[in-house]
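**Student:** Residue numbers (this note's numbering): 875 to 1010.
1. Just to confirm, are residue 903 and residue 938 a CB contact at a threshold of 8 Å?
2. Whole angstroms are fine: how far does the CA of residue 928 sit from the CA of residue 959?
3. Could you tell me how far apart the beta carbons of residue 932 and residue 980 are, in whole angstroms, since I believe they sit closer than 8 Å?
4. Throw me the rounded Cβ distance for the residue 946 and residue 883 pair, which I believe falls under 8 Å.
5. Kindly identify the DSSP beta-bridge partner or partners of residue 952.
6. Beta-carbon within less than 6 Å of residue 876's beta-carbon, same chain only, minus the 5 sequence neighbours each way: which residues are those?
7. Check residue 947 in the structure and name its three-state DSSP category.
8. So residue 915 packs on residue 878, CB below 8 Å; how close in whole Å?
9. Does residue 889 come out as helix, strand or coil in the three-state DSSP assignment?
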């Protein structure tokens, strides 16, 4: 299994009153990593269909340690589960090389123009395959 790895900047506006990244802002950091994978990364492989719509059906997050303002965080992602019309992205977030959070998002390909979920295409499944967790 290959992990998709990207660095995501921490913004001043991500901070809470205690000087750490606000717990809700972790979702924004994970979202920016997802956009990097499914828009930029997929486009590099000639795949633009994810840009037509993905909605989130579920998030779960484990906060392991506070993240301070400063250098970008590194987010490593892989695909934990694939179904006909959904897939689960797993994440690990590292701050200064130390694991600071884990999360999962259930993503549903969505036809925004018609307003309904859709199945994953063969090209999308092929893009996800190198990132698939082998224990699924």
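No residue lacks a Cβ here, since even glycine has one placed at the ideal position from N, Cα and C.
**Tutor:** Considering the structure as presented:
1. No.
2. CA-CA distance, residue 959 to residue 928, rounds to 11 Å.
3. The beta-carbon separation of residue 932 and residue 980, rounded to 4 Å, stays under the 8 Å limit for a contact.
4. About 5 Å separates the Cβ atoms of residue 946 and residue 883, confirming a contact at the 8 Å cut-off.
5. Beta-bridge pairing by DSSP links residue 952 to 964.
6. In chain order, 1004 and 1005 place their CB closer than 6 Å to the CB of residue 876, counting only its own chain and leaving out the 5 sequence neighbours on each side.
7. Here residue 947 sits in strand by DSSP.
8. Under the criterion of beta carbons closer than 8 Å, residue 915 and residue 878 qualify as touching, at roughly 6 Å.
9. Note: residue 889 maps to strand in three-state DSSP.
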